[in-house]
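Residue numbering for the sequence shown follows numbering that gives the first Met the number 0, beginning at 0 and increasing consecutively. We put the CB at the ideal spot given by N, CA and C, even for glycine. Bear in mind that the values here come from a model prediction, so they are computed numbers and not experimental data.
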Amino acid sequence: MQPEHATPAAGELAPAGSQPARVRARAADLSAPAPAVPVAVADVRKVYDSAGHQVIALDGVSLTIEQGSFTAIMGASGSGKSTLMHLIGGLTRPTSGRILVEGHNLGAMTDHKRTLFRRRRLGIIFQEYNLLPTLTAAENVALPLLLDGRPLSDYLARVAELLTTVHLEHRMHHRPDALSGGEQQRVAIARALLNDPAIVLADEPTGNLDSKQSIEIWRLMQRIAREQNKTIVMVTHEAPGAAHADRVVILKDGKVVGTLEPKGSGDAALVATGYQELAG
Numbered sequence: 000m001q002p003e004h005a006t007p008a009a010g011e012l013a014p015a016g017s018q019p020a021r022v023r024a025r026a027a028d029l030s031a032p033a034p035a036v037p038v039a040v041a042d043v044r045k046v047y048d049s050a051g052h053q054v055i056a057l058d059g060v061s062l063t064i065e066q067g068s069f070t071a072i073m074g075a076s077g078s079g080k081s082t083l084m085h086l087i088g089g090l091t092r093p094t095s096g097r098i099l100v101e102g103h104n105l106g107a108m109t110d111h112k113r114t115l116f117r118r119r120r121l122g123i124i125f126q127e128y129n130l131l132p133t134l135t136a137a138e139n140v141a142l143p144l145l146l147d148g149r150p151l152s153d154y155l156a157r158v159a160e161l162l163t164t165v166h167l168e169h170r171m172h173h174r175p176d177a178l179s180g181g182e183q184q185r186v187a188i189a190r191a192l193l194n195d196p197a198i199v200l201a202d203e204p205t206g207n208l209d210s211k212q213s214i215e216i217w218r219l220m221q222r223i224a225r226e227q228n229k230t231i232v233m234v235t236h237e238a239p240g241a242a243h244a245d246r247v248v249i250l251k252d253g254k255v256v257g258t259l260e261p262k263g264s265g266d267a268a269l270v271a272t273g274y275q276e277l278a279g
């Protein structure tokens, strides 16, 4: 019988083989109620065919993500972090294993049902802001309503509230070309929150920003997780960004090699050192 391992203290390393029993149990028990475990990934493999050769992007990944937590997924290029994000977001299916998001098995859904689920229950933020240049900040935030066939007039107060949340209430009538990169990304974050999603996925959200703008975005996501009880999952290769998360999941060659728990401390040196020990 394997010994139990204590939960690591803030900043302490947790190798993949010594994850807390509580986390291991939830990864295995996919019958847990959806509200308790927003995201449960169990023994997931993702294999791509490339020019007649198989490329293993993910190889037996298991993890759970807690309600209201801010989790960073960190790894080098080719580690599988973006693939994992795409699977959690229902953009693709696993080759084997299961992914439950709010209790729904995304791999068992049709493409149409996955699209509807993603549009209505998930908020997604990309590195590119994807704002329409002819629309104002407020109109860009409201864009998902038009795609879902809902009247904009019913959501004007909601749009104003979201722009206030991201500190852009004074810029709501400006078009993207009048906004800085950081402001455009905050518009994209407000748009991702429009449908009040339980889970927000952010794929390298600060990749096009300078260090000052990046810190503003990381702190904003940290605040949204804490104040609104949103579950936020962010892919990043930046230690300063990962240090704003509660937990960092480290991938290497398609496998989870360990976790760090900076607990939102912002201690980039701690994360960088831990990452080097686990994945260097």
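- Pairing M171 with L178 gives a Cβ-Cβ distance that is not under 8 angstroms.
- Shown here for I124: same chain residues with a beta carbon closer than 8 angstroms to its own, the five before and five after excluded, namely Q184, A187, I188, A191, V199, L200, A201, D202 and P204 in chain order.
- For S78, the number of other beta carbons within 10 angstroms of its own is at least 16, and it is reported as buried.
- Scanning its chain for C-beta atoms nearer than 6 angstroms, with the 5 sequence neighbours on each side dropped, one finds around P239 the residues A267, in chain order.
- In this structure, the beta-carbon distance from V43 to G96 falls below 8 angstroms.
- Take L269, set aside five residues on each side of it, and the residues of its chain with a beta-carbon closer than 8 angstroms to its own are G10, A242, L259 and P261, in chain order.
- Scanning its chain for C-beta atoms nearer than 7 angstroms, with the 5 sequence neighbours on each side dropped, one finds no residue around G148.
- Within the segment 142-179, the complete alpha helix (DSSP H) runs of at least 4 residues fall at 155-164.
- Per DSSP, reduced to three states, the secondary structure at H243 is coil, with no helix or strand assignment.
- For the segment 78-119, the continuous beta strand (DSSP E) assignments of 3+ residues that do not extend past its boundaries occur at 95-100, in sequence order.
- Bridge partners of A137 according to DSSP: none are assigned.
- Shown here, T205 sits in coil according to DSSP, grouped into three states, outside any helix or strand.
- In this structure, the straight-line span from the alpha carbon of A136 to that of L144 is close to 14 angstroms.
- Secondary structure of V36 (DSSP, three-state): coil.
- With fewer than 16 other Cβ atoms from the protein chains shown falling within 10 Å of its own Cβ, D48 counts as exposed.
- Residue A141 holds the alpha-carbon nearest to the alpha-carbon of S152 among L62, A141 and T235.
- In the displayed model, L192 falls within coil according to three-state DSSP, outside both helix and strand.
- In this structure the segment 115-124 does not lie against the segment 57-75, because fewer than three pairs of beta carbons, one per stretch, are closer than 8 angstroms.
- Here K251 is buried, its C-beta having at least 16 other C-beta atoms within 10 Å.
- Around the beta carbon of A39, a 10 Å sphere encloses 16 or more other beta carbons of the protein chains shown; the residue is thus reported as buried.
- For Y274, the secondary structure class from DSSP, reduced to helix, strand or coil, is helix.
- Counting every other CB atom within 10 Å of its CB across the protein chains shown gives N228 a total below 16, marking it as exposed.
- In the structure shown, L219 adopts helical secondary structure according to DSSP, grouped into three states.
- The Cβ atoms of M108 and V234 do not sit closer than 8 angstroms to each other.
- Leaving aside the five residues that flank R92 on each side, the residues in its chain whose CB is nearer than 7 angstroms to its CB run, in chain order, G106.
- Beta-carbon to beta-carbon, M73 and I249 are separated by about 5 angstroms, close enough to satisfy the 8 angstroms threshold.
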